[in-house]
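Asker:
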Amino acid sequence: MSYQGKKSIPHITMLLDPSRATIECAFHARKDGPGFFDTSDRLLIKGGRIINDDHSFYADIYLEDGLIKQIGENLIVPGGVKTIEANGRMVIPGGIDVNTYLQKPCHGMTAVDDFYQGTKAALAGGTTMIIDHVLPEPGSSLLTSFEKWHEAADTKSCCDYSLHVDITSWYDGIREELEVLVQDKGVNSFQVYMAYKDLYQMSDSQLYEAFTFLKSLGAVILVHAENGDLIAQEQKRILEMGITGPEGHALSRPEELEAEAVFRAITIASRINCPVYITKVMSKSAADIIALARKKGPLVFGEPITASLGTDGTHYWSKNWAKAAAFVTSPPLSPDPTTPDHLNSLLACGDLQVTGSGHCPYSTAQKAVGKDNFTMIPEGVNGIEERMTVVWDKAVATGKMDESQFVAVTSTNAAKIFNLYPRKGRIAVGSDADVVIWDPDKVKTITAKSHKSAIEYNIFEGMECHGAPLVVISQGKIVYEDGNLHVNKGMGRFIPRKPFPEYLYQRIKIRNKVGGLQGVSRGMYDGPVYEIPATPKYATPAPSTKSSPAKNQPPPIRNLHQSNFSLSGAQIDDNNPRRTGHRIVAPPGGRSNITSLG
Amino acid sequence: MSHQGKKSATRTTSDQLLIKGGKIVNDDQSFYADVYVEDGLIKQIGENLIVPGGTRTVDAYGQLVMPGGIDAHTRLQAPVLGLSSADGFSQGTKAALAGGTTMIIDHVCLDTGTSLVAAFEQWRGHADGQACCDYGLHVDIPRWHESLREELEALVKDKGVNSFLVFMAYKDKLQCTDAQMYEIFCIIRDLGAIAQVHAENGDIIEEEQKRLLELGITGPEGHVLSRPEEVEAEAVYRAITIARQANCPLYITKVMSRGAADVLAQAKRKGTVVFGEPITASLGTDGSHYWSKNWAKAAAFVTSPPISPDPSTPDHLTTLLSSGDLQVTGSAHCTFTTAQKAVGKDNFTLIPEGTNGIEERMSIIWEKCVVPGKMDENDFVAVTSTNAAKIFNCYPRKGRIAVGADADLVVWNPKATKIISAKTHNLNVEYNIFEGTECHGVPTVVISQGRVVLEDGNLCVTQGLGRFIPRKTFPDFVYKRIKARNRLAEVHGVPRGMYDGPVHEVPASVRAAAPTATSRLTPGAGKAPAVPVRNLHQSGFSLSGSQADDHIARRTAQKIMAPPGGRSNITSLS
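If you read the protein sequences in the order shown, they are chains A and B.
Heads up: the first sequence begins at 1 in the UniProt record's numbering, then just goes up one per residue.
Heads up: the second sequence begins at 1 in the UniProt record's numbering, then just goes up one per residue.
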């Protein structure tokens, strides 16, 4: 049955693969007129096994006005309601993809999948909500960028969405903007970068400052964890060696650099007692650091992405440049082929909690901008459509996790962390009607020929996956069924999120109370105090007098033999270190250095 | 023999020594033999040695004869806030000898903009006149600058220095960024030296210090609260990551906490060439004293990284030292009197940092490691002397009892006991952080350069007798592995046909914004194959022709010191 056919026929009764599931459709054409709208908004899912992250049970679900209205058996529903026979199949909350970049600018290009194309792919894969990253160009304000993204998404997105805002520079006035975003705009998560030197990278001091402020706002702190300083050095070295292909990308970003940054981010966060969320966990060592840290108490969350769970980085060495370039993302996919298995295990045992896709595909022509220099290849891989299927195939079909855990890592945990729960991430009365009927037996081969994305290469090409969505319902409407998408551009809503998600901040609040620091009350030291010579210019330790409290008194005993006078007066350039050697480029009376300006 | 008596005796007799009846302990084995020493060298080892008449005999029956200790980390002359430490080279090395340490390696650390070579010479000047035992010097790199490579090269080639320390702490003062560390490590690797790191995250510390002072915490407890051990562990992890990338051997000075030691041990397990140096303070005591009601006592413990408040730390560190995860011990001896420490009485960040430990090191390690059976006497020799000699390339001259080695020996009595106290120690400070610790195992006789300097509790030392021991580069113990890895670590690109598909046109203005790798870094045209499909809209012509100095990084701004026709910069030489 074709898409066109369906639109024109008001009453349909169809039989879908009778040996497995029967879907009876009896409804009026949905989008064609306002008069029919009410009825099409009502749906009854009969005989499904409802899976939540805590337990599963058999019940019918009645959906109306985009919400779940009733759950139970023998529901009393209005007549003429469209009924889906689930026949014992799993009914799960729609997936939430926590990491997409559908509008990422790179060298003046934007990713080929925009909000329309991207969310279409998301729905086809069983994901009914995405949280996209707003990536302001350094120098532009967070608020304007947010509005730009908001507008683009509102007009194009086919599923509900929310927005993270990336902090690409820490400038004056950013605090006010962050406050506005949190209080009025419904953003509660911000990403900082430890990589991209001289572009997005922040120093440890800035991270400390940013974390402290974001904590006071009750936001979720996302970190792109890679050591940018070292990457820059390695890139230089590798280019100098004459390696310019995509393998240079992986070679210049070894997984130790990712693990190091994760370690540092956690250290900083645990000093401030704030939750920290590591986006794109790509390597074993980074994941292990997160797992270890969680055992010691800090509140850390790790997000592996479809790519790191489903494939590995051996393809960077592919002889086919275009294929190798398609895998370029940061942090890179680990060349260690045992990585996906390890990450899936950690995901199953709860050491990693959430899955995203990092979906940000560029066409081969766009990637080819970096054909002579791997550092110019725009970064990003696909994964928005494949996420649910890959996790099912790698984790559930292999027996690492059960269906409830599957729901937790693909949807519920994300909803809890980002404060969307229980509106999203759960099948319960009153929740949004974002529901997926999942077929665990369906076998599908991922290929660029049939995927919904606009790119030529699919990094999971040829992967045979067990488990796929049969029916996807977004906002109470059937948007995917029998392999066909029925979506409208711009029907996705922006979902605002409140600060201080309880899932994170309950513990933080208690730790704040317990973790108070106290000094020792002791009598004043009244012994002799050594007199410091008057010229400790270089030696004053970091916190200069301005940060010491006002009660800091001068030493009581003065050494009368000492004078403040010094033969060499203090100079304005005293704080510039002296150079040991001085090359005379402009001898007396000779040439001036103004001509050598470069 | 009294001090006076010895001085008046003829030189020759006192230079010939026979140590009889002791058990010789090296890091690999122990055996009973006599040792004959002449002219500051070990001449014979064996039984029934034939020695010249008039040779002085030292009775070592029932005792151990070990190589003298090497203290891999002291700061006897450290200038902090314009204060110089209470124990100079003279007092410090006296204390070292009293504790059985016959060689120290001191840190040259001068943060006043003078060149490293000048700083080194200044230290030589101090030490040559004052040191009572042999010494070597590490040089601290207080800041990154362009001519660093030449300076380091000069120190390595001409001055006998093979170890350099960089700081990850002390923000805006000594701290290096990751990129600078990487560059420094690469230089050090090329020169065949050892990279030492003071590992603490200075950025976090500064923020924490601010926060604590704002909370009104100004006492010494603020020091440890602002430098929690995670911050140390984080920096150790980062230093190891950078060293691995640069394939440079790494030496972490002052391992003070469990977290840091564990990170280091894990890295060794993954194959990194990294060495860890716990110090007397971290092995012998803990940081609970920072909360002492007695300000002066609490301040005496202030050092960086701080001594961990976790009382199980010494036990953990001694275990790792015994298992070989940590290899070397130092003392980081850098003492200040209470009056000097009191400069920071209202602000803990101003308290000069440093603890004692040069005299107590050997006894504390014996007490904490050998007495409870964690290590045997051979391991003891390894961690107090031999390993340091190997890493810093003065083996087998130091760190081993063998014919031809320097006659730096200690006769160790494992049965004697001693209680450490400020009343009896050989230092100028009022507080000893190990006050009251009872140590089983003390040196009874200490021989430095073939002379008896300690006997029956009497020290007889001569200032200025200590010699500078130059150290060569590429110590085998460290660099054999590094060299092999350098050969293996070569990476290769993938030879593939040129990509000849469509290329997205990038607006010209954006190209400049490409991250990090600028066009000047791309390899020469010889290596990068030419583009087969030419974009005819693009031209190779550029307004600025390539210049001879293209490889020199452009400065973003240039201050005109010498305007045309105006003054020259020769007058601004300093």
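Glycine included, C-beta positions come from ideal geometry on N, C-alpha and C.
Remember, predicted model here, so these are calculated numbers, not experimental data.
1) For valine 442 of chain B, write down the residues that DSSP places opposite it in a beta bridge.
2) Would alanine 210 of chain A and isoleucine 167 of chain A qualify as a contact pair, given that the criterion is a beta-carbon distance under 9 angstroms?
3) Classify glycine 79 of chain A as buried or exposed, calling it buried when 16 or more other Cβ atoms lie within 10 Å of its own Cβ.
4) My output table needs one value for methionine 66 of chain B: the three-state DSSP class, helix, strand or coil.
5) Count the other CB atoms within 10 Å of the CB of phenylalanine 167 of chain B; is the residue buried (16 or more) or exposed (fewer)?
6) Pairing CB atoms from the segment 513-526 of chain A with CB atoms from the segment 290-304 of chain A, are three or more of them under 8 angstroms?
7) Identify which residue in A:Leu143, A:His107, A:Ala153 and A:Ala121 has its Cα closest to the Cα of phenylalanine 115 of chain A.
8) Could you say which of A:His466, A:Phe57, A:Ile272 and A:Gln233 lies nearest to arginine 211 of chain B if we only look at CA atoms?
9) I think valine 381 of chain B touches valine 25 of chain B, with their Cβ atoms under 8 angstroms apart; what is that distance to the nearest whole Å?
10) Going along the chain, which unbroken runs of the alpha helix (DSSP H) with 4 or more residues stay wholly within the segment 301-350 of chain A?
11) Step through the CB atoms of chain A and report whether any lies within less than 9 angstroms of the CB of glycine 219 of chain B.
12) With burial defined as no fewer than 16 other Cβ atoms inside 10 Å of the residue's Cβ, what is the status of histidine 55 of chain A: buried or exposed?
13) Measure the alpha-carbon distance for arginine 244 of chain B versus alanine 78 of chain B and round it to whole angstroms.
14) Alpha carbon to alpha carbon, how far is glycine 462 of chain A from methionine 401 of chain A?
15) Taking Cβ positions only, does methionine 498 of chain B come closer than 9 angstroms to chain A?
16) Measuring alpha carbon to alpha carbon, tell me which residue in B:Gly202, B:Ile279, B:Thr241 and B:Ala154 is nearest glutamate 359 of chain B.
17) Report yes if the CB atom of alanine 299 of chain B is closer than 9 angstroms to the CB atom of isoleucine 351 of chain B, and no otherwise.
18) Measuring alpha carbon to alpha carbon, tell me which of B:Arg143, B:Lys159, B:Ser85 and B:Leu17 ends up nearest valine 117 of chain B.
19) In angstroms with no decimal places, state the Cα-to-Cα distance between isoleucine 446 of chain A and cysteine 465 of chain A.
20) Throw me the rounded Cβ distance for the serine 404 of chain A and isoleucine 51 of chain A pair, which I believe falls under 8 angstroms.
21) Would you check if the distance between the CB atom of glutamate 230 of chain B and the CB atom of serine 205 of chain A is smaller than 9 angstroms?
22) Just the Cα atoms here: how many angstroms apart are leucine 49 of chain B and tyrosine 36 of chain B?
23) Bridge partners for proline 469 of chain A per DSSP, in chain order?
24) Which residues mark the beginning and the end of the alpha helix (DSSP H) in which arginine 507 of chain A is found?
25) For a test of the three-state rule: what should DSSP assign to methionine 181 of chain B, helix, strand or coil?
26) What would DSSP say about proline 93 of chain A, mapped onto helix, strand or coil?
27) Got a sec: which bits of the segment 214-226 of chain A sit with their beta carbon under 7 angstroms from any beta carbon on chain B, in order along the chain?
28) Can you pull the chain A neighbours of histidine 316 of chain B, defined as C-beta to C-beta under 9 angstroms?
29) Start and end of the alpha helix (DSSP H) containing aspartate 288 of chain A?
30) Roughly how many angstroms separate the alpha carbons of alanine 395 of chain A and valine 370 of chain B, rounded to a whole number?
31) Determine whether the beta carbon atoms of leucine 409 of chain B and valine 383 of chain B lie at a separation below 9 angstroms.
32) With distances taken from CA atoms, which of A:Leu517, A:Asn512 and A:Val390 is nearest glycine 356 of chain A?
33) With a threshold of 9 angstroms between beta carbons, is glutamate 435 of chain B in contact with chain A?
34) How about the segment 59-78 of chain B and the segment 339-348 of chain B: do they share at least three Cβ pairs that are nearer than 8 angstroms?
35) In angstroms, rounded to a whole number, what distance separates the CA positions of alanine 542 of chain A and phenylalanine 263 of chain A?
36) Just the C-alpha distance for serine 596 of chain A and histidine 145 of chain B, rounded to the nearest angstrom, thanks.
Answerer: Working from what's here:
1) B:Asn413
2) yes
3) Looking at its Cβ environment, which holds fewer than 16 other Cβ atoms inside 10 Å, glycine 79 of chain A is exposed.
4) If DSSP states are grouped into helix, strand and coil, methionine 66 of chain B belongs with the strands.
5) Buried, because 16 or more other Cβ atoms sit within 10 Å of the Cβ of phenylalanine 167 of chain B.
6) no
7) A:Ala153
8) A:Ile272
9) 5 angstroms
10) 306-310, 321-326 and 339-349
11) yes
12) exposed
13) 30 angstroms
14) The straight-line gap from Cα to Cα measures roughly 24 angstroms.
15) With 9 angstroms as the cut-off, methionine 498 of chain B counts as an interface residue toward chain A.
16) B:Ile279
17) yes
18) B:Lys159
19) 7 angstroms
20) 6 angstroms
21) Against a cut-off of 9 angstroms, the Cβ pair of serine 205 of chain A and glutamate 230 of chain B comes out as no contact.
22) 8 angstroms
23) Beta-bridge pairing by DSSP links proline 469 of chain A to A:Trp438.
24) Annotation: the continuous alpha helix (DSSP H) that includes arginine 507 of chain A extends over 502-514.
25) DSSP places methionine 181 of chain B in helix when its eight states are reduced to three.
26) Note: proline 93 of chain A maps to strand in three-state DSSP.
27) Only those residues of the segment 214-226 of chain A whose C-beta falls short of 7 angstroms from the nearest C-beta of chain B would be listed, and there are none.
28) The premise fails here: histidine 316 of chain B is roughly 15 angstroms from chain A at the closest Cβ pair, so nothing lies under 9 angstroms.
29) 284-296
30) 51 angstroms
31) Not a contact, by the Cβ cut-off of 9 angstroms.
32) With distances taken between Cα atoms, glycine 356 of chain A lies closest to A:Val390.
33) no
34) no
35) Per-residue confidence for alanine 542 of chain A stands at a pLDDT of 42, beneath the threshold of 50, marking its modelled position as unreliable; no derived number is given.
36) Because the pLDDT of serine 596 of chain A is 48, which lies under 50, any placement of that residue in the model is unreliable, and the number read from its coordinates should be weighed accordingly. Going from the Cα of serine 596 of chain A to the Cα of histidine 145 of chain B covers about 21 angstroms.
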